[in-house]
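S.K.:
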Amino acid sequence: MASVAMVVTNACSPDPRVLRSAKLLAKNGHNVTIHAFDRTQGSPMSEIDDGVRIMRYHIGVFSYGAKWKTVSGLRAFRKTVTSSLANNPPDCVYCHDADTLEIGVKLKSKAGCILIFDMHDLQHTWVMMGRPNSLVRRAIAHRLEKRNLQRIKKSDLVITSSGAAKGGMFPGFREYLSEQKVDSIVVENRPEEVERRQKVIPNTEWTVAYIGRVREIKSFHLLTKALELLPKSERPNIKIAGDGTATEDVHTHLLKESSRLGIHLNLHPAFDASTLPSLMEDVDVMFAMYPPERGNIKQGALPVKMFDAASFGIPSIVNSDCLMGEVCTNEGLGLAVKWDDSEALSAALLSQREAVIALEEFGKEQHSAFLNAFEGLF
Numbered sequence: 575m576a577s578v579a580m581v582v583t584n585a586c587s588p589d590p591r592v593l594r595s596a597k598l599l600a601k602n603g604h605n606v607t608i609h610a611f612d613r614t615q616g617s618p619m620s621e622i623d624d625g626v627r628i629m630r631y632h633i634g635v636f637s638y639g640a641k642w643k644t645v646s647g648l649r650a651f652r653k654t655v656t657s658s659l660a661n662n663p664p665d666c667v668y669c670h671d672a673d674t675l676e677i678g679v680k681l682k683s684k685a686g687c688i689l690i691f692d693m694h695d696l697q698h699t700w701v702m703m704g705r706p707n708s709l710v711r712r713a714i715a716h717r718l719e720k721r722n723l724q725r726i727k728k729s730d731l732v733i734t735s736s737g738a739a740k741g742g743m744f745p746g747f748r749e750y751l752s753e754q755k756v757d758s759i760v761v762e763n764r765p766e767e768v769e770r771r772q773k774v775i776p777n778t779e780w781t782v783a784y785i786g787r788v789r790e791i792k793s794f795h796l797l798t799k800a801l802e803l804l805p806k807s808e809r810p811n812i813k814i815a816g817d818g819t820a821t822e823d824v825h826t827h828l829l830k831e832s833s834r835l836g837i838h839l840n841l842h843p844a845f846d847a848s849t850l851p852s853l854m855e856d857v858d859v860m861f862a863m864y865p866p867e868r869g870n871i872k873q874g875a876l877p878v879k880m881f882d883a884a885s886f887g888i889p890s891i892v893n894s895d896c897l898m899g900e901v902c903t904n905e906g907l908g909l910a911v912k913w914d915d916s917e918a919l920s921a922a923l924l925s926q927r928e929a930v931i932a933l934e935e936f937g938k939e940q941h942s943a944f945l946n947a948f949e950g951l952f
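To get my numbering, take the position in the sequence shown, counting from 1, and add 574.
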């Protein structure tokens, strides 16, 4: 049995990506503790979830986003976790996302810990969000990418959340790393195979939802533009659940637009895994489209909300011309629409109103490969 210290820079309240891998290791006899940065100090400092201990660090209140205070908070978190783990080193430091890699690299160097890196997105691309043509931001992103790759190459095992489909056209994160001479295995962020309540076809009202991190407003400008094209009698309710850097702006926009369009708006704050089924009860279509100038969209991001919705029988609308669109289409999980085509989005949403789909692939083979790779390290 190995002692595993997972590290993530959110409160893990919840973070399905982190919890799925942690619970998988715990179920197979390993001792897993998640070290999480609770930036709002709104969650319990310690709790147990299916055999996984979650330790949340309360070191001050810090917002999400590219702010100097946030940067200082992340530095303080990394320093605190590194010091804590150095006093009683685990067998393995498991880093989720590149902003935790500094911790793993130091613990590997100083204490001989095995280092695992789980890449859920391309961290350097977030610098470009909002201003993709900025020369300054491009320079910062390039520098960040170079530093991250240097650290990634020190890992004993690298896991990515996406890879090109067999015979597919579009690359995933695995292919990005392969170009950088880094080997990785793919474990997509799919839900566990469990019995869930299935979508009920609506008789009158219907609901389009976005459930997850709210990081940018452009997606919601596109959504309201598409809904405006529908006849008033056929416009859906909108449900938004989750928090993130753009929550306030998105809520303000939707409050204004829902009133203008005569649409009922249902807003929910951050949620945990136990409340996801109730959030999904009245959802008919999941909206999961993102501005493609975000590098990780073109390079293989797969939205967790697409898989979660499918496990409840709910179809999703996602970006076309990228891996998520290919997976969505190939597995019959909904429809892929070209970004910024409000007419196509409007028609796609309406066409999926009464669709009930099934998620057939739960990633069991990927989980098995991950466990074999993990245990092979020891």
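Built from N, CA and C at the ideal position, the CB exists for glycine as well.
Computed from a predicted structure; not experimentally measured.
#1: Name, in chain order, the residues that DSSP records as bridge partners for T607.
#2: Give me the Cα-Cα distance between G603 and F936, rounded to the nearest whole angstrom.
#3: In this structure, how does DSSP classify T656 when only helix, strand and coil are distinguished?
#4: Which residue or residues does DSSP assign as beta-bridge partners of P665?
#5: On a CA-only basis, which of N661, A610, L909, I891 is nearest A685? Give me that one, please.
#6: Tell me which residues share the same chain as D914 and place their Cβ nearer than 7 Å to its Cβ, disregarding the 5 neighbours each side in the sequence.
#7: Reducing DSSP to helix, strand and coil, say where A585 ends up.
#8: Taking the alpha carbon of H694 as the reference point, which residue from P865, V878, R927, A800 has its own alpha carbon closest?
#9: To which residues of the same chain is V592 closer than 7 Å at the C-beta, ignoring the five residues directly before and after it?
#10: At what residues does the beta strand (DSSP E) containing N840 begin and finish?
#11: Does N722 come out as helix, strand or coil in the three-state DSSP assignment?
#12: On the DSSP bridge list, what partners appear for E621?
#13: Could you pull the DSSP bridge partners for H670 from this structure?
#14: What is the DSSP secondary structure of T781, counted as helix, strand or coil?
#15: Can you find a C-beta in chain B that's less than 8 Å from the C-beta of N605?
#16: Report the three-state DSSP secondary structure of F794 (helix, strand or coil).
#17: Could you give the first and the last residue of the continuous beta strand (DSSP E) run that contains K813?
#18: Do the CB positions of V756 and V782 come within less than 8 Å of each other?
#19: Closest to T849 by C-alpha separation, out of Q873, A820, A815, V761, would be which residue?
#20: For the region 745-781, list the beta strand (DSSP E) runs that are entirely contained and at least 3 residues long, ordered along the chain.
#21: Hey, is the region 806-826 in contact with the region 930-947, meaning 3+ C-beta pairs nearer than 8 Å?
#22: Starting from G908, follow its DSSP beta bridges and name the residues at the other end.
#23: For G634 and F845, I'd like the C-alpha separation in whole angstroms.
#24: Pop quiz: A739 and E900 are said to be a contact at Cβ under 8 Å. What is the actual Cβ separation, rounded to whole angstroms?
#25: V930 and I775: beta carbons closer than 8 Å?
M.R.: Checking against the coordinates, here is how it stands:
#1: In the sequence shown, residue 607 corresponds to position 33, counting from 1. Note: T607 sits in a beta bridge opposite A579, R627.
#2: Counting from one through the sequence shown, the residue named residue 603 turns up at place 29. Counting from one through the sequence shown, the residue named residue 936 turns up at place 362. Distance between the alpha carbons of G603 and F936: 22 Å.
#3: Working through the sequence shown from its first residue, we reach residue 656 at position 82. Note: T656 maps to helix in three-state DSSP.
#4: In the sequence shown, residue 665 corresponds to position 91, counting from 1. The residue you asked about is not Pro; residue 665 is Asp in the sequence shown. According to DSSP, D665 bridges with nothing at all.
#5: The residue labelled residue 685 in the question sits at position 111 within the sequence shown. When only C-alpha atoms are compared, the closest one is N661.
#6: Within the sequence shown, numbered from 1, the residue matching residue 914 stands at position 340. If we look at D914 and ignore the five residues flanking it on each side, its Cβ neighbours are L796.
#7: Sequence index remark: in the sequence shown, residue 585 carries index 11 (1-based). A585: coil per DSSP, three-state reduction.
#8: By 1-based counting over the sequence shown, the position of residue 694 is 120. If we check each option's Cα against that of H694, V878 comes out closest.
#9: Position 18 of the sequence shown holds residue 592. If we look at V592 and ignore the five residues flanking it on each side, its Cβ neighbours are M580, V582, C586, I608, H670.
#10: Residue numbering aside, residue 840 sits at position 266 when the sequence shown is read from its first letter. Segment 839-842, the beta strand (DSSP E) holding N840.
#11: Position 148 of the sequence shown holds residue 722. Note: N722 maps to helix in three-state DSSP.
#12: Residue numbering aside, residue 621 sits at position 47 when the sequence shown is read from its first letter. Beta-bridge pairing links E621 to I628.
#13: By one-based count along the sequence shown, residue 670 stands at place 96. In DSSP, H670 forms a bridge with D692.
#14: Mapped onto the sequence shown, residue 781 falls at position 207. If DSSP states are grouped into helix, strand and coil, T781 belongs with the strands.
#15: In the structure shown, chain B cannot be found, because there is only a single protein chain.
#16: Numbered from 1 along the sequence shown, position 220 holds the residue referred to as residue 794. In this structure, F794 counts as helix in the three-state DSSP scheme.
#17: Here the question's residue 813 lines up with position 239 in the sequence shown. It spans 811-815 - the beta strand (DSSP E) in which K813 sits, taken as one unbroken run.
#18: Taking the sequence shown and counting its residues from 1, one reaches residue 756 at position 182. Taking the sequence shown and counting its residues from 1, one reaches residue 782 at position 208. No, they are not a contact pair.
#19: On the sequence shown, residue 849 is found 275 positions in, with the first residue counted as 1. The shortest Cα separation from T849 among Q873, A820, A815, V761 belongs to A815.
#20: none
#21: no
#22: The sequence position of residue 908 within the sequence shown is 334, counting from 1. Paired residues: S890.
#23: The residue you call residue 634 lines up with position 60 of the sequence shown. The residue you call residue 845 lines up with position 271 of the sequence shown. Their backbone Cα atoms lie some 22 Å apart in a straight line.
#24: Counting from 1 along the sequence shown, the entry for residue 739 is found at position 165. Counting from 1 along the sequence shown, the entry for residue 900 is found at position 326. At roughly 6 Å, the Cβ-Cβ gap stays under 8 Å, so A739 and E900 are in contact.
#25: Here residue 930 refers to the residue found at position 356 when the sequence shown is read from its first residue. Here residue 775 refers to the residue found at position 201 when the sequence shown is read from its first residue. Yes. Within cutoff.
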